[in-house]
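Notes to accompany the following structure.
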Amino acid sequence: MTQTQTEFPFQDRFRDHATLGFVDWSLRGIGQVVFQNNPLTGLIILLALFFNSAVYGAICILGVVVATATAILLKADRGLIRDGLFGFNGALVGLALVAFTSADFRSGAVPSFHMTIYIVFAAAMTTIAFSTIATLLGPHKVAALTSPFVLVGWLFLFAVLKFAAIEAGPLAKPVSPDQYDAAIAYALPTWYMGIGNAIGQIFFQDNWIAGYLIVIGIAVNSRISAGMALIGAAGAALVAGVFGGPEGAIRDGLFGYNAALTAIALGGFFLVLTWRSFAYTLFGIVVTTWLWASIAIFLKPIGMPVLTSTFVLVTWLMLIGQYGFKALVPVPPAEATNPEDNRARYLRGPR
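Structure below.
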C-alpha cells in the first residue's frame, strides 16, 4: 500500500477536494445523526430516505446543506465543519418540520414556499444553537448531541400554529402511547417491523425497510454501532412489550428510536466498549424506553412530539455521571471516532 493510500482512505478521498469537499461534509452531516463520520454512510442513509420518500430525501439535503453553509459563512471551526458536525441537526429539523405538518407522515408533503423559507431559517438556527450548546457543555466533556435540533424543532413547531401562511397540518402521527389501541395483540410483524421502524424513525421514516437500509449504512463505518442500533431498537421493543406497551406504538418504532441512539452513543462511541460499559448501555436503553412514554404523555396536551429529547436527556445524565465511575472508560467528544478505533486505542494504552 502506498503512502498516499495510507494517509487518505477511501472515505476521506474527497474531504479536502476543491469542489466536492462541501458534498463530502454534507454527507458526513447526515451520517453524524447516528455518530458516523463517513460520507458513504451518509449517502446510504440518504438513499434510504429517498427509498421511502423523495420529499424526505430532498428535505434532508436542504437541511444539511443550509446548516453546513451557515457554519462556513460564519467561519466556524473548520475541523467541525469537515466532520459534518454542523449539518446533522439541520437535516433533522427540516425532516421534522415536514413530517409533523404533512397530512401523510409516511411520505411527507412538498413544502410550500413559506414553509421552505421557514425550514431554511430553522436549519440555519441549529448551527447557532449547536455552537452555543457545545460551548456551554465543553467544560463537562459532553457533546451537544441532537439538543440543538430538539430545541429549535420544538420552538419552530410551536410557531407554525400562529402563522396562517404555513399549513400546520393535522400532526397525523400519534405522539403519545395512549393514542393507540391497547387491545391489539402482539404478532411477529410487531417485532421485525418495530425494530426497523425504530431505526427509521430517527430520521422520521415510517418505513421498516428504510430502517434496515440505514443499519447497513451504519455498518459500512462501524459494525459495532450497527449492532448497538439494533440492540437498542430491539431492547426497547422488548421492554415495551414486557410492560404492556401498545402494539401499534411498538410496531411504529416509537419506543425504540431514542433507545437506538442511546445505545450507539453509550455502546462504544463515548465510552470504550467493555462488559461494564455494555451493561451501562443496556441500563440506558431500558430507561430511555420508559422515559419516551413519560415525556410523550407530558407533551401530548400541547401536541408536541418527543423528537430525540429522551435520548439527549438520558445520554447527558449517563455521560456526565460516568466521570465519577472508575469502572467506565470515557472517550472525550474530540477523540471519539468509532467504537472499533476507540477500543483499539484503549487497548494499546498511552504512548
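Just so we're on the same page, our numbering is the position in the sequence shown counted from 1, plus 33.
All residues carry an ideal CB built from backbone N, CA and C; glycine is no exception.
Answer with yes or no whether the minimum CB distance from G90 to chain D is below 8 Å.
No chain D is part of this structure, which consists of one protein chain only.
Tell me which same chain residues have a C-beta within less than 7 Å of the C-beta of I249, skipping the five on either side of it?
If you ignore the 5 residues before and after I249, its C-beta comes within less than 7 Å of the C-beta of I77, all in its own chain and listed in chain order.
Between A262, L287, L53 and L294, which lies nearest to A273 when the distance is taken from Cα to Cα?
The option with the nearest alpha carbon to A273 is L287.
Rounded to a whole number of angstroms, what is the C-alpha to C-alpha distance between V193 and I199?
V193 and I199 have their alpha carbons spaced roughly 6 Å apart.
Compare the beta carbon distance of T295 and F344 with 8 Å and say whether it is the shorter of the two.
T295 places its beta carbon less than 8 Å from that of F344.
What are the partner residues of L190, as DSSP defines its beta bridges?
Looking at the DSSP assignment, L190 forms no beta bridge with any residue, so it has no partner.
Check whether the segment 111-128 touches the segment 275-285, counting contact only when three or more Cβ pairs, one atom from each stretch, lie closer than 8 Å.
Proximity of the segment 111-128 to the segment 275-285 falls short of the contact definition, fewer than three beta-carbon pairs being nearer than 8 Å.
Go through the segment 67-127 residue by residue and report every complete run of the alpha helix (DSSP H) that reaches 4 residues or more, in order.
With a minimum length of 4 residues, the continuous alpha helix (DSSP H) runs that stay inside the segment 67-127 are 72-85, 87-106 and 111-115.
With 16 other Cβ atoms within 10 Å as the buried cut-off, status of Y356:
In summary, Y356 is exposed, with fewer than 16 beta-carbon neighbours lying within 10 Å of its beta-carbon over all protein chains present.
What residue from N70, Q212 and G112 has the CA that sits closest to P334's CA?
Among N70, Q212 and G112, the Cα nearest to that of P334 is on Q212.
According to DSSP, L304 sits in a beta bridge with which residue or residues?
As computed with DSSP, L304 is found in a beta bridge with P363.
As assigned by DSSP and simplified to three states, the class of R381
R381: helix per DSSP, three-state reduction.
Where D239 and I283 are concerned, what is the direct C-alpha to C-alpha distance, given to the nearest angstrom?
The alpha-carbon atoms of D239 and I283 are separated by roughly 12 Å.
Does the Cβ of F331 have 16 or more other Cβ atoms within 10 Å, making it buried, or fewer, making it exposed?
It is exposed - the Cβ of F331 has fewer than 16 other Cβ atoms within 10 Å.
With respect to the alpha helix (DSSP H) encompassing R46, which residues constitute its N-terminal and C-terminal limits?
For R46, no alpha helix (DSSP H) segment is defined, and its DSSP state is neither H nor E.
For L178 versus T348, is the C-beta distance shorter than 8 Å?
Closer than 8 Å, so yes.
Return the CA-CA distance between T35 and Q44, expressed in angstroms with no decimal places.
Its pLDDT being 39, under 50, T35 is placed unreliably by the model, and nothing is read from it.
Below 8 Å, can you find three or more Cβ-Cβ pairs linking the segment 149-169 to the segment 96-112?
Touching, yes.
F146: buried (16+ other C-beta within 10 angstroms of its C-beta) or exposed?
With fewer than 16 other Cβ atoms within 10 Å, it is exposed.
Collapsed DSSP secondary structure at V272 in the structure displayed
Correct three-state label for V272: helix.
Can you give me the C-alpha to C-alpha distance between F138 and A132, rounded to a whole angstrom?
F138 and A132: Cα-Cα distance of roughly 5 Å.
What does the alpha-carbon distance come out to for the pair S310 and P144?
Taking the straight line from one Cα to the other gives about 43 Å.
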